[in-house]
Amino acid sequence: AQSVTQPDARVTVSEGASLQLRCKYSYSATPYLFWYVQYPRQGLQLLLKYYSGDPVVQGVNSFEAEFSKSNSSFHLQKASVHWSDSAVYFCALSMRAGGYKVVFGSGTRLLVSP
Amino acid sequence: EAGVTQSPRYAVLQEGQAVSFWCDPISGHDTLYWYQQPRDQGPQLLVYFRDEAVIDNSQLPSDRFSAVRPKGTNSTLKIQSAKQGDTATYLCASSRDRPNTEVFFGKGTRLTVV
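Protein sequences appear in the order of chains A and B. When the letters of the first sequence are read in order and numbered with the working numbering, they come out as residues 1 to 114. When the letters of the second sequence are read in order and numbered with the working numbering, they come out as residues 115 to 228.
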């Protein structure tokens, strides 16, 4: 079955440090992959997306993600985090199933400490 | 461009009561999704439509939940007899029926069943 796994429920990093949030997917065909962010009391917002081409994709606020077909992964990275990056991050997989079905991982809560 | 609009923003019910959630997607978006997001969890797909047709409602508790999109635009999600386990935020989202397309989310309806 198609699924998305985010193994880390919570991640804490210091401001200015680098960040990696992990995402693994399970899907037999070519995946469309996304990272969304959810700030408190706000809706989900798209950070970046991947379908094909360069496995490293750039997103908003200096986030990037690297796709690995061999590892079935789509990890989110940022070179230097800011306190305002504290939020919940969701990895998502879109698959063709009649329409485009989008399933989400359980999310990773990021806390950036001063 | 107006975003996805949901109402109400909040609802508090006693067990056994009924409630309806309303969603107005982005104009021109043929695909509409309803997700349930329990506290501290990822969005879980309940049902999605392409135009007025239900594409997948396999995760919708059919004995108490129903969803319609009669003209392929607005949609209503109804809970017939709410249970405490239904306490969650209900998210509506919409997109175009194209590969690698972003899904846009509304702010959600936060439901509390006491």
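Ideal Cβ placement from N, Cα and C applies to all residues, glycine included.
Residues of chain A with a Cβ closer than 7 Å to the Cβ of F219/B are, in chain order, G43 and L44.
Within the DSSP secondary-structure output, G130/B pairs in no beta bridge. Chain order gives the chain B residues near A97/A as I169 and D170, where near means a beta carbon separation below 8 Å.
In the three-state scheme derived from DSSP, where H, G and I count as helix and E and B as strand, V60/A is classed as helix. Straight through space, the alpha carbons of Y32/A and D177/B are spaced by roughly 33 Å. A direct Cα-Cα distance of roughly 15 Å separates Q38/A from V112/A. The continuous stretches of beta strand (DSSP E) do not include T30/A, and DSSP gives it neither H nor E.
In this structure, R153/B lies away from K221/B, with their beta-carbon atoms at least 8 Å apart. When only Cα atoms are considered, A196/B and G156/B end up about 21 Å apart. For L225/B and S189/B, the gap between their C-alpha atoms comes out near 17 Å.
V81/A is not a Cβ neighbour of T108/A, given a cutoff of 8 Å.
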